[in-house]
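Trainee: Taking the working numbering as reference, the numbering of the sequence shown is continuous, increasing by one, and the terminal residue is 564.
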Amino acid sequence: MKALRVGNFSGFYGDRATALREMLTGGEVDVLTGDYLAELTMLILGRDRLKDPDAGYARTFLRQLEDCLGLAHERGVRIVTNAGGLNPAGLADAVRRLADRLGVPVRVAHVEGDDLGAAHPDALAAHAYLGGFGIAACLRAGADVVITGRVTDAALVTGPAAAHFGWQPVDHDRLAGAVVAGHVLECGTQATGGNYAFFQEGDVRRPGFPLAEIHADGSSVVTKHPGTGGFVDVGTVTAQLLYETGGARYLGPDVTARLDTVRLAQDGPDRVRIEGVRGEAPPPTLKAGLNRLGGFRNEVVFVLTGLDIEAKAALVREQLADALAKAPPAEVRWDLVRTDRADAETEETASALLRLVVRDPDQRVVGRALSGAAIELALAGYPGFHVLAPPGKGAPYGVFEEAYVPQDAVDHVAVLPDGRRVTVAPAPDTGAHGTAVPDPLPEPRLPEPLPPGPTRRAPLGLVAGARSGDKGGNANVGVWARSDEAWRWLAHELTADRFRELIPESRELPVTRHVLPNLRAVNFVVEGILGAGVAAQARFDPQAKALGEWLRSRHLDIPEALL
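1) Going by the CB atoms, is the gap between L461 and R521 shorter than 8 angstroms?
2) Short check: CB of V30 to CB of L66, under 8 angstroms?
3) Per the DSSP calculation, P407 is bridged to which residue(s)?
4) Alpha carbon to alpha carbon, how far is T19 from Y130? Give it in angstroms, no decimals.
5) How about G529 and N477: are their beta carbons less than 8 angstroms apart?
6) Fully enclosed by the segment 511-540, which beta strand (DSSP E) runs are 3 residues long or longer?
7) Buried or exposed: V338, going by 16 or more other Cβ atoms within 10 Å of its Cβ?
8) Would you list, in sequence order, the uninterrupted beta strand (DSSP E) runs of no fewer than 3 residues that lie entirely inside the segment 80-166?
9) D271 and T306: beta carbons closer than 8 angstroms?
10) Go through its chain and collect everything with a Cβ distance to A404's Cβ below 6 angstroms, but skip five positions before and after it.
11) Is L176 close to chain B, meaning its C-beta is less than 8 angstroms from at least one C-beta of that chain?
12) Mapping DSSP to helix, strand and coil, what is H184?
13) Looking at the structure shown, is T193 part of a helix, part of a strand, or coil, going by DSSP?
14) At 3 residues or longer, what runs of the beta strand (DSSP E) sit wholly inside the segment 363-427?
15) By alpha-carbon positions, which one of A127, G12 and A119 ends up nearest to T82?
16) Cutting at 6 angstroms between CB atoms, please list the residues of its own chain near T436, excluding the five before and the five after it.
17) Could you check which residue in E502, P518 and W490 has the C-alpha nearest to that of W551?
18) Spatial neighbours of F62 within its chain, please: CB distance less than 8 angstroms, with the 5 preceding and 5 following residues excluded, ordered by chain position.
19) Are the segment 276-284 and the segment 384-399 touching, with three or more C-beta to C-beta distances below 8 angstroms?
20) So, helix, strand or coil for M556, using DSSP?
21) Let me know if R207 comes out buried or exposed under the rule of 16 or more other beta-carbons within 10 Å of its beta-carbon.
22) Is the distance from the Cβ of G231 to the Cβ of G195 below 8 angstroms?
23) Taking C-beta to C-beta, are V400 and A533 nearer than 8 angstroms?
24) Ordered along the chain, which non-local residues of its own chain (more than five positions away) have a Cβ less than 7 angstroms from that of D47?
25) Report yes if the C-beta distance between L33 and V107 is below 8 angstroms; otherwise report no.
26) Please work out which residues of its chain come closer than 8 angstroms, Cβ to Cβ, to L99, disregarding the five sequence neighbours upstream and downstream, and give them in chain order.
27) Which class does V256 belong to by DSSP, given the choice of helix, strand or coil?
28) Taking only three categories from DSSP, how would you classify P460?
29) Do you know offhand how far N519's Cα is from L265's?
30) Output the residue ranges of the beta strand (DSSP E) runs that lie fully inside the segment 460-487 and measure 3 residues or longer, sorted by chain position.
31) For L46, which three-state DSSP category applies?
32) Could you pull the DSSP bridge partners for F210 from this structure?
33) For R6, which three-state DSSP category applies?
34) Skipping 5 residues on each side, what residues in its chain have a beta carbon closer than 8 angstroms to that of V302?
35) Rounded to whole angstroms, what is the Cα-Cα separation between D558 and A162?
36) Mind checking K3: buried by the 16 CB within 10 Å criterion, or exposed?
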């Protein structure tokens, strides 16, 4: 059977607006997928719905579709997207109205059942992560456009693949292969050189969006349209495979994909073959994401320039102590970031930043009383007093929590183009290895260490790539070696203890190392480093996007043979 060509045109809410047209006109494609949802996005859409009950979906998708719906229809390209967010039925209706206005005869279907709000009335958004078989049911019924709410990112690919090849829920290896392909595609240009550690090896000024040629056995080739920017090689695909994952078992509602079985090979210019992926039964539970309003936060960043930085920071803290004591916020955090340099040639490089962040359930506590006290120091503070921006009245922030529900407790429904509602049964066989924590697998065998030899103190990034990201309050950092010799060193050198040494803020936190020899990679999960999730903005880099690059900049004793 002919391979199914599935492309991506969106990796997040706010991605390149022209990507849908670029993918439709750049080359052959059968299905285009758009991923708009993230933990933070669900909170944003929840706040939208508070203001307007008919909102709750990604409105930018409609603008893209207005430009491209006719083109997609002419070319016979189906579109599958989770842009429905909190209101997939509402977006499906909006697409129908748009199609009628444009005079384009398209069949629209949607998937629902992920909303768990009735069971969590205190949450702004509570949604289970559904699998791809609701999408497959819509496509088998002839849908041209399928709108979903909260499905797993990979489900946008497993659904079309299952529909095209006739896969059933027991086809674990095939489904696992599609999950891996879907995980590579889900973040758009991150698979084609975007956010890539070795970005200087290609022209990544405007990377093209990726696509996967998926075969009936579940294997695939990741590539991109000819002539588009960026590049696809084993490194870019490895980086995306490690993004926001953990151990060897990658749990999902349709299948558990074994990341330790993935084999990658360069299959020509801008082509990477993915094969060998094994699958196991999915867990008996579905992951659910709960987004709540956590309270209010306010922030002031004081700029300290020149001499006596530490003394200037101490003066600010003393001057604001009374204001903070009158109505103490639930949380007060001061951070002094020493970006200054001695004898600097510019004022900016002579300056450090002192950041004050306060949080409290009561907006008044973090609001004008605090911001007023900070601004009152303008003529009464340290020499050279100024701030990056005037503080406001305090803004709401969110918190994210994971929960797990039995698969059969969710009413997964495909609403077909003719309006029929088809219940999607939960997976018929579920493994015993998963709720929140998968069963441990035996530790893989490590390669033989390199023989002793001279070393040089140098940055880790000279011999290894890294990519990092967030999952709720946890962060993961995947690190991979670029050669077998570098892997022999990395596997033994970069332990969990060494990671804690290199990333000091992880020293008091649980750090787990997962070894993936086929990818020549180690993947670290750091629990709690992001507090209550990205919306809580607990650290300077709230989604841990640059944590991997910080790790690559740290110096170790590296064998000279690798440098």
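Heads up, the beta-carbon is just placed ideally off N, CA and C, and yes, glycines get one too.
Mentor: Looking at the atomic coordinates:
1) Their beta carbons are not under 8 angstroms apart, which means R521 does not touch L461 by this criterion.
2) no
3) T286
4) 28 angstroms
5) Contact flag unset, no.
6) Complete beta strand (DSSP E) runs here, min 3: 512-517 and 522-527.
7) exposed
8) Runs of the beta strand (DSSP E) inside the segment 80-166: 109-113, 126-129 and 146-148.
9) no
10) A289 and L291
11) No chain B appears in the structure shown, which is made up of a single protein chain.
12) helix
13) coil
14) 396-407, 414-416 and 422-424
15) G12
16) Bear in mind that a pLDDT of 46 at T436, under 50, signals an unreliable position, so the model cannot answer this.
17) E502
18) Here the set comprises S11, G35, Y37, T82, A84 and L92.
19) no
20) In the sequence under discussion, the amino acid at residue 556 is His, which differs from the Met named in the question. Reduced to three states, the DSSP call for H556 is strand.
21) Exposed.
22) In contact: G231 and G195 (Cβ atoms closer than 8 angstroms).
23) In this structure, A533 lies closer than 8 angstroms to V400 by Cβ.
24) The displayed chain sequence assigns Gly, not Asp, to residue 47. So the qualifying residues of the chain are L87, L125, A126 and N292.
25) no
26) L63, L66, E67 and L70
27) coil
28) strand
29) 8 angstroms
30) 465-472 and 475-482
31) helix
32) None, per the DSSP bridge assignment.
33) strand
34) Closer than 8 angstroms at Cβ, skipping near neighbours: L354, L355, R356, L357, V388, L389 and A390.
35) 46 angstroms
36) exposed
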